[in-house]
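Remarks on the structure that follows.
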Amino acid sequence: MEYLRQLALRADAAWRLGPRPVLLATWDRSLPARALACRALADAPVPGGPWWPDTAPPPPPLPAAHCAELLACATALGPADWHGPFPPTAPAFGMDLFGPGDIRPVWERNRWAELPLLAQAARLAPAAGHGARAAALLADWAARNSPFRGPNWASGQEAALRALHAALALGLLGAPPPAGLRALLGLHGRRIAATPAYAMAQDNNHAISEPAGLLACGLLLGESDWIALGERRLAAARRRLVGADGGFAQLSPGYHRLLLDVLAVTAWLRRRHGLPPWPEDPAPVLWLHRLTDPATGATPRIGHQDGSAFADLALAGPADARPSLERAARLLAGRSADLPDDSGCAWLGLAAGPALPAAPARWQAGGIAAWQEGPARALLRIGPLRFRPAHADLLHCDLWDGPLNLLRDGGTGAYNPWHRALAATAAHNTVEFDGADQMPALSRFLHARWPRCGPLPDGGWLQDHRGNRQERHIAVAGRRWRIQDRLSGPWREAALRWRLAPGEWRLTADGLAGPLARFRLSADAPLALSLEAGEESPAYGEVRPAPVVVARLRAPASRIETLITLPDR
């Protein structure tokens with residue numbers, strides 16, 4: 001029976017994904033497609049040097065503090081473990097990427113993020129040997145990662161991100177690739193081109209990054225076929241996956257940032273190689289700009305968050321999205337975001353433009369509804385669902401008071417071991433019916449039986465496959481936020497959770513109080529309130545305790561209301 005249930009769930013998920021990704025994935029896994037890929041990725045000789053250009057032009061004018069930090073980071077680079085627990089000589093195509101451990105940090109370590117850093121350092125201190133260190137890094141990587149063997153050749157996207165980092169570094173130096181790096185980039189282009197169906201089937205960042213990487217390889221190597229194919233597939237992916245309102249198929253601020261980073265770096269490379277500029281497209285920049293805290297660069301943890309900081313020329317790290325936004329605003333929208341003196345843009349020679357427009361007090365775009373009142377803002381995860389949802393998080397509400405993320409998402413944890421509980425409905429600020437998720441999880445990245453859902457004028461609604469319905473209505477007046485949930489359907493028990501910022505919280509007769517806020521909860525049925533110890537993931541691979549207030553009630557209740565009073569400022 002369990003086998004038949006799983007089969008039915010997978011059939012349901014396939015139906016919801018639609019024929020295009022299902023057929024592409026089916027072809028990618030077919031014997032003919034695998035045979036073609038294996039032929040394209042047959043063993044090849046390890047390239048030899050030279051690896052790094054001798055050119056190091058003078059740097060642009062930069063703040064002294066940034067230069068000192070950059071040189072310190074470049075000097076601190078040490079030997080790398082390129083493979084982690086994964087076998088370095090196993091054929092990459094078809095290798096087990098989950099059994100030995102977590103592939104995610106291994107791939108992050110192999111993205112060649114050091115190359116732009118060492119190119120910057122070489123321009124700041126030409127006699128300090130940074131170019132030689134970059135050459136040694138590439139020689140070591142090539143020697144320890146034989147073509148198409150080991151974990152670092154297993155993903156076309158990882159090959160693409162390495163190629164983009166190499167192209168960015170060469171662009172910063174104003175030099176073509178030397179023979180060794182040229183040969184290595186040729187192997188990367190082959191890897192990307194070998195499995196296009198997989199990238200397109202994902203309907204996510206793979207479909208953006210892989211053609212961008214192929215385009216970068218084509219530009220650096222003068223391969224006109226790769227240039228044309230990369231341009232065509234990247235344009236098609238943008239049309240399909242990036243909505244007119246700026247939303248991305250992956251509703252995740254972290255992956256949205258990676259989208260903007262890849263597109264911005266690609267736009268800069270195209271400009272350097274004389275290709276006509278893309279039309280300005282401010283919508284995806286505006287979407288992330290509205291979700292980003294202007295004081296810290298922090299973004300909500302909605303959806304999968306893997307801690308990437310791609311092409312981090314300003315050394316902001318994964319927690320601060322502002323330099324990514326500034327670069328994307330100038331290259332993709334002809335505008336400026338929140339950092340008019342951004343050092344990353346100075347390295348690229350990007351002039352500031354007119355400021356991005358401020359977010360309106362109320363807006364809906366890309367699966368998010370938002371309210372702004374003074375320094376406080378609320379974000380509501382709404383539908384409809386066109387692409388696969390990452391978490392069972394519909395009608396999750398984030399509430400920020402300035403830079404304080406008062407009501408927050410539980411985050412991601414890690415992909416392996418999979419922190420399934422953090423993707424569940426109970427890890428989000430929404431209502432859980434009868435202890436069950438809004439939709440059953442089939443894997444780390446796939447759910448079945450997606451709820452019907454959509455926006456309301458003052459919130460959003462969902463109805464799950466069991467017939468349970470939740471409507472969430474949000475209103476704000478000054479420092480008081482009122483969130484009302486209306487419930488119906490065959491449910492018997494419901495639980496409303498508010499995941500809180502760490503603080504000195506205490507239960508009261510009708511809610512919760514602490515220095516950060518006062519909560520009053522009421523319903524048309526008796527409420528059982530408890531303050532519980534939950535978990536949250538502030539960064540990829542990290543999990544820590546987090547306070548959660550839970551309100552439980554039984555049918556036939558139909559309404560529960562939360563009144564949140566923020567302290568006066």
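The UniProt record's numbering applies: residue 1 is where the sequence shown begins, and numbers increase by one.
C-beta: ideal position from N, C-alpha, C; glycine also.
Leaving aside the five residues before and after residue i along the sequence, list all residues of the same chain whose C-beta is less than 6 Å from its C-beta, in chain order.
i    : result
N205 : Y255 and L258
V550 : A495, R497, S530 and E532
A309 : G317 and P318
P63  : none
D464 : Q438 and P451
R469 : Q463, S488 and G489
Q250 : N204
A528 : R552
A167 : A216, L220 and L269
A392 : A424, T425, D437, Q438 and M439
D261 : F310, A311 and S324
P88  : G150
W347 : L313
Could you give the residue range of the alpha helix (DSSP H) that holds residue i?
i    : result
W27  : P19 to R29
S343 : S343 to L348
E326 : R322 to L332
P105 : I103 to R109
L118 : E114 to L124
L422 : R420 to A423
For residue i, which three-state DSSP category applies?
i    : result
D464 : coil
D485 : strand
G129 : coil
G189 : helix
G511 : strand
R301 : coil
L77  : coil
H66  : helix
P384 : coil
T565 : strand
G94  : coil
Y3   : helix
L553 : strand
S308 : coil
S146 : coil
G454 : strand
A378 : strand
L71  : helix
L137 : helix
Relative to the C-alpha of residue i, which residue among the options is closest?
i    : options                   : result
L214 : E231, R377, Q120 and I103 : E231
L17  : S146, V476, P389 and A142 : P389
N405 : P384, N429 and D341       : N429
F148 : S30, G413 and P45         : P45
S558 : E536, S209, S522 and P538 : S522
L315 : D306, R330, G189 and G297 : G297
A501 : W481, D510, D409 and G460 : D409
Q484 : P417, I560, R499 and A414 : I560
R5   : A414, E535, V543 and A448 : A448
T292 : R480, A358 and D312       : A358
H396 : N416, A370, P417 and P403 : A370
V265 : P100, L234, R327 and A546 : R327
L161 : A139, G150, G78 and L185  : L185
A513 : A56, G366 and T565        : T565
L456 : R472, R466 and S443       : R472
A134 : F93, D54, A159 and A212   : D54
G349 : D341, L356 and A355       : D341
A517 : P354, E542, D568 and L288 : D568
R377 : A477, F93 and L137        : A477
Residues in the same chain with beta-carbon distance under 7 Å from residue i, minus the five sequence neighbours each way, listed in chain order, please.
i    : result
L124 : P59, C67, L70 and L71
W491 : F433, D434, N468 and A555
Could you spell out the range, first to last residue, of the beta strand (DSSP E) harbouring residue i?
i    : result
W498 : E493 to R499
E536 : A528 to E536
V476 : R469 to A477
Q372 : I368 to E373
Q438 : Where Q438 is concerned, there is no enclosing beta strand (DSSP E), given that its DSSP letter is neither H nor E.
W400 : C397 to D401
W363 : R362 to A365
P354 : Looking at the DSSP string, P354 is not in any beta strand (DSSP E), and its letter there is neither H nor E.
F519 : A517 to A523
P53  : P53 -> no beta strand (DSSP E), and no H or E assigned at all.
Who are the Cβ neighbours of residue i in its own chain at under 8 Å, not counting the five residues just before and after it?
i    : result
S224 : G218
A197 : L24, A25, W27, D28 and A33
Q) Which runs of the beta strand (DSSP E) fall wholly inside the region 230 to 288 and span at least 3 residues, in chain order? A) When DSSP assignments are scanned along the region 230 to 288, no uninterrupted stretch of beta strand (DSSP E) that is 3 or more residues long falls wholly within it.
(Q) Give the list of continuous alpha helix (DSSP H) stretches no shorter than 4 residues that lie fully inside the region 152 to 215. (A) 156 to 173, 179 to 194 and 196 to 202
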